[in-house]
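Notes for the one structure printed next.
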Amino acid sequence: MNFDKDLDARGLNCPLPVLRAKKALNDMQSGQVLRIVATDPGSSKDFETFCKQTGNELLSQSAADREFTFYMKRK
Amino acid sequence: MSDLTPAQLVPYVTGGAFALAFIFGAVANKTHFCTMGAVSDWVNMGDLNRMRMWLVAIAVALLGSSALVVAGVVDLSKSIYPGPNFTWLSYVVGGLLFGVGMTLGSGCGSKTLIRLGAGNLKSLVVYVFIGLAAYMTLRGLLGAFRVGVLEKAAITLPVGQDLPSLLGLNRAILATLIGAALLAFAYASKEFRANFDYSLGGVVTGLVVVGGWYVSGHLGRVAEDPNTLQEAFVATNSGRMESFSFVSPLAYTLEYLMLWTDKSKIITYGIASAAGVIAGSAAYALATRTFRWEGFRDAEDTANHIVGGLLMGFGGVTALGCTIGQAISGISTLALGSILTFLSIVAGSAAAMKYQYWRVSRED
Chain X
1 MNFDKDLDAR GLNCPLPVLR AKKALNDMQS GQVLRIVATD PGSSKDFETF CKQTGNELLS
61 QSAADREFTF YMKRK
Chain D
1 MSDLTPAQLV PYVTGGAFAL AFIFGAVANK THFCTMGAVS DWVNMGDLNR MRMWLVAIAV
61 ALLGSSALVV AGVVDLSKSI YPGPNFTWLS YVVGGLLFGV GMTLGSGCGS KTLIRLGAGN
121 LKSLVVYVFI GLAAYMTLRG LLGAFRVGVL EKAAITLPVG QDLPSLLGLN RAILATLIGA
181 ALLAFAYASK EFRANFDYSL GGVVTGLVVV GGWYVSGHLG RVAEDPNTLQ EAFVATNSGR
241 MESFSFVSPL AYTLEYLMLW TDKSKIITYG IASAAGVIAG SAAYALATRT FRWEGFRDAE
301 DTANHIVGGL LMGFGGVTAL GCTIGQAISG ISTLALGSIL TFLSIVAGSA AAMKYQYWRV
361 SRED
């Protein structure tokens, strides 16, 4: 999947991945896609809640090699 | 149990604490019960569901504990929380610092144990620094500051600081009103009602605290210790009846391991409960294949967790408890200091998150 910005949140735990995603999205234009790679097992639930609350769209999420990858479309 | 000696009661108390903590560790891992996460969801996303989970835990603990009191099974005034010495500055300062610490350290004391059980090695470091600072605050350098400065700011009340004594109201009625109000607030949300995990995490955590009071305050109570001829609660570090709290038990665990050959040291209720949470979380993580090793990202991440652990250790002992110890076990006694500590922890954590976002915003 194509993306416009990449956020490396590996090694960070709650609440930092969400705070960094929030900041990254603030710097992007509507419709652009942010890719986030995280290792916190709680990040999946956190980003689901984040998107539901903020209106940004969680396009996909996947887990492989102890990493979680999220694609998020800015509202 | 009344025919058993205090020494014979110890395995029942520590075994009960371990079993209850094991359940809490597994369920908290499954349901993502996290008090820091509750503040984060609220402050950073405007989502209150995990805060509702925390409030359900408080409500269930309050209602269940009050039922034990009404039934004459336990006497909560024998715990550390509702005494007449209202150390207001300690509650506020300790709570605020604990809140900042849990934000920097990826979670409170219980979350540290849950993360550790699931393979997070950062939490092992946080554990050690919580224990170190807690011990220094109990008996060391920081303890002198706690007692000599912070605890000087205290009000000695004519009665206990629990709301029923302060307001002259019936405990059962007050607990029912407050508990019902908290449950009504939580379950007013359709989304909260629709997700079973929210209820599971809140209800089980509350019940575990009630069970903790039963184990320590009923099973572990000796009306007259043959050695002292006084009432005793066996296998507790405080000498009082205890329920779950996750700051000083981390210090006592380190002490126990370091003084292993000192036969006067035993596995206590607190030590067993800390081990139980780790074991329960690990069991869940292994059973669901979600166990994964995690380490530090960089020097800043390491520093944040060390400072977070130190602040939680100092703040937790100073405030007489953490997000479970004061904010659930303590509030279940309706102690005013517990409510003040709960609010201070939330305020400290929220302020730390605002600071973190400000820092993140300044980065390129």
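For the record, the sequence lines run as chains X and D. The first sequence begins at 1 in my numbering and counts up one residue at a time. The second sequence begins at 1 in my numbering and counts up one residue at a time. Yeah, the Cβ is synthetic: ideal placement off N, Cα and C, and Gly gets one too. Computed from a predicted structure; not experimentally measured.
In this structure, D:T236 is the residue among D:T236, D:A283 and D:G276 with its C-alpha nearest to the C-alpha of Y269 (chain D). DSSP, read as helix, strand or coil, puts M36 (chain D) in helix.
Boundaries of the beta strand (DSSP E) harbouring T69 (chain X): E67 to K73, taken from the DSSP string. If you draw a 10 Å sphere on the C-beta of I80 (chain D), you find 16 or more other C-beta atoms in it, and that means buried. Residues of the same chain with a CB within less than 7 Å of the CB of I345 (chain D), apart from the 5 flanking positions on each side, are G95, F98, G99, T323 and A327 in chain order. By the Cβ test, the stretch 284–291 of chain D is not in contact with the stretch 227–235 of chain D, since fewer than three Cβ pairs between them sit closer than 8 Å.
Counting along the chain, the unbroken beta strand (DSSP E) around I36 (chain X) starts and ends at V33 to A38. Three or more Cβ pairs closer than 8 Å define a contact, and the stretch 118–133 of chain D falls short of that threshold against the stretch 341–358 of chain D. Taking all protein chains shown into account, M258 (chain D) has fewer than 16 neighbouring C-beta atoms within 10 Å of its C-beta and is therefore exposed. Counting C-beta pairs with one atom in each stretch, the stretch 330–338 of chain D and the stretch 74–91 of chain D have three or more that are closer than 8 Å, which means they touch. Taken in chain order, the complete alpha helix (DSSP H) segments of 4 or more residues contained in the stretch 281–360 of chain D are 299–318. The DSSP-derived three-state label of L59 (chain X) is strand. Segment contact: the stretch 42–62 of chain X against the stretch 51–71 of chain D, fewer than three CB-CB distances shorter than 8 Å; contact not assigned.
Collapsing the DSSP output to three states places A232 (chain D) in a strand. With respect to D197 (chain D), T31 (chain D) sits close: the two C-beta atoms are nearer than 8 Å. F129 (chain D) carries a helical assignment under DSSP once its states are collapsed to helix, strand and coil. Taking 8 Å as the threshold, the shortest C-beta distance from G11 (chain X) to chain D falls below it. Around the beta carbon of Y355 (chain D), fewer than 16 other beta carbons lie within 10 angstroms, which makes this residue exposed. For A153 (chain D), the secondary structure class from DSSP, reduced to helix, strand or coil, is coil. L7 (chain X): member of the beta strand (DSSP E) spanning K5 to A9, first to last residue. Here T112 (chain D) is buried: its Cβ has 16 or more other Cβ atoms, across all protein chains shown, within 10 Å.
The three-state secondary structure of A24 (chain X), taken from DSSP, is helix.
Pairing L219 (chain D) with V13 (chain D) gives a Cβ-Cβ distance under 8 Å. When Cβ-Cβ separations below 8 Å define contact, L58 (chain X) makes no contact with chain D.
Shown here for L150 (chain D): same chain residues with a beta carbon closer than 8 Å to its own, the five before and five after excluded, namely T87, L89, S90, V93, G94 and T318 in chain order.
Under the 8 Å criterion on CB atoms, N195 (chain D) is classed as non-interfacial with respect to chain X. Selection D:A299, D:W293 and D:I178 evaluated against R115 (chain D) yields D:W293 as nearest (Cα-Cα).
Taken atom to atom, the span from the alpha-carbon of A172 (chain D) to that of G217 (chain D) is near 19 Å. C-alpha of K75 (chain X) to C-alpha of S60 (chain X): approximately 15 Å in a straight line. In its chain, beyond the 5 residues on either side, S110, V204, T205, V208, F244, G276, V277 and G280 have a beta carbon closer than 8 Å to the beta carbon of F24 (chain D).
The C-beta of Q161 (chain D) has 16 or more other C-beta atoms within 10 Å across all chains shown, which makes the residue buried. For V307 (chain D), no CB of chain X lies under 8 Å from its own CB, so it is not counted at the interface with that chain. In the three-state DSSP reduction, V92 (chain D) falls in the helix class (H, G or I). Around Y357 (chain D), the beta-carbon contacts reaching into chain X at under 8 Å are L19, K22 and K23. Residue pairing by DSSP places A64 (chain X) opposite X:E67 in a beta bridge.
Around the beta carbon of A9 (chain X), 16 or more other beta carbons lie within 10 angstroms, which makes this residue buried.
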